[in-house]
Amino acid sequence: MTELTLEKETVFVENPSHFFKMPKEYQDLVIRQMMVHTEGELSGADDYIEIFYKMAPNAYEKQICCERGAEEVHHYIRGQELLRDIGVDSTYMLETNLKDRDLYGTEAVKDIRSWPERALFSYLGESAVLDQLMEMAESSYKPIADMAIPVIKEEKVHVAHGFRITREYCSTEEGKALIQEALERWWPISLDVFGRSNSKRSELYVKWGLRKYSNEEARQRFIEHTAPRLEELQLVVPDHKKNRKYL
Ligand SMILES: [Fe+2]
Ligand SMILES: [Fe+2]
């Protein structure tokens, strides 16, 4: 676990005009965090509509894809509005293809290969994002906290649906083997969502109250609440370091 080497600032930034009076370091971090988040929301929408919809096994799951797609676009709009209020235009993201977006650290949003992987995308991938949103709900920048709270409510439902599909697969030996295979790919991807352990920027986020935990602390918390539930489904949780991109 990385030690925090920076002093924590006690800040509470109420609105955009207060934001513009903050040091450049704070402004840059807010913009970076929101650009990454906002792009991720749009990519999430594209995943549901462009990738999952086509592989959905029945009409109900197709309907779910459409509903989730709409929610993710709405999350994007919330991010776009927040950024616009601090002078940043993220509209170009709408014109960029899913494959060409480069802010979100993981390739996983661009390549989901099967329905078991789609299950783990929601159960693990969206759960990792949800953890980050929970930190944002306590952000020192109030508009971020205000944005995160309703988004969290919807993301919890996305994760729960991923869990339901996963559990359903795990009710047969054959299905469980498919999930286990998908888990070998999705466990490292999900852990990588939290970024590099030695990230200086993650320390700065904590320093300025934009996040509560460093990347590595957040990753360990995710492992603690996720691994036992996977084991309850009699899945084997892969080694935490195996196939990782961001250590
Ligand atoms: Fe979302
Ligand atoms: Fe989601």
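With positions in the sequence shown counted from 1, the corresponding number in the numbering used here is that position plus 1. Heads up, the beta-carbon is just placed ideally off N, CA and C, and yes, glycines get one too. All values derive from a computational prediction rather than experimental measurement.
The beta carbons of Val194 and Leu104 sit no closer together than 7 Å. Rounded to whole angstroms, the gap between the alpha carbons of Glu185 and Glu15 is 43 Å.
Counting other Cβ atoms within 10 Å of its Cβ, Lys208 reaches 16 or more and is therefore classed as buried. Within 6 Å of the C-beta of His76 there is at least one heavy atom belonging to ligand 1. Counting only runs that start and end inside the segment 185 to 218, the alpha helix (DSSP H) elements of at least 4 residues fall at 201 to 208. Closest by C-alpha distance to Glu217, out of His241, Gly163, Glu156, is His241. As computed with DSSP, Val14 is found in a beta bridge with Tyr142. Between the segment 173 to 187 and the segment 211 to 229 there are fewer than three inter-stretch CB-CB distances shorter than 8 Å, so the stretches are not counted as touching. Remark: C-beta atoms of Val152 and Leu134 approach each other more closely than 7 Å.
Relative to the non-hydrogen atoms of ligand 2, the Cβ of His19 never comes closer than 6 Å to any of them.
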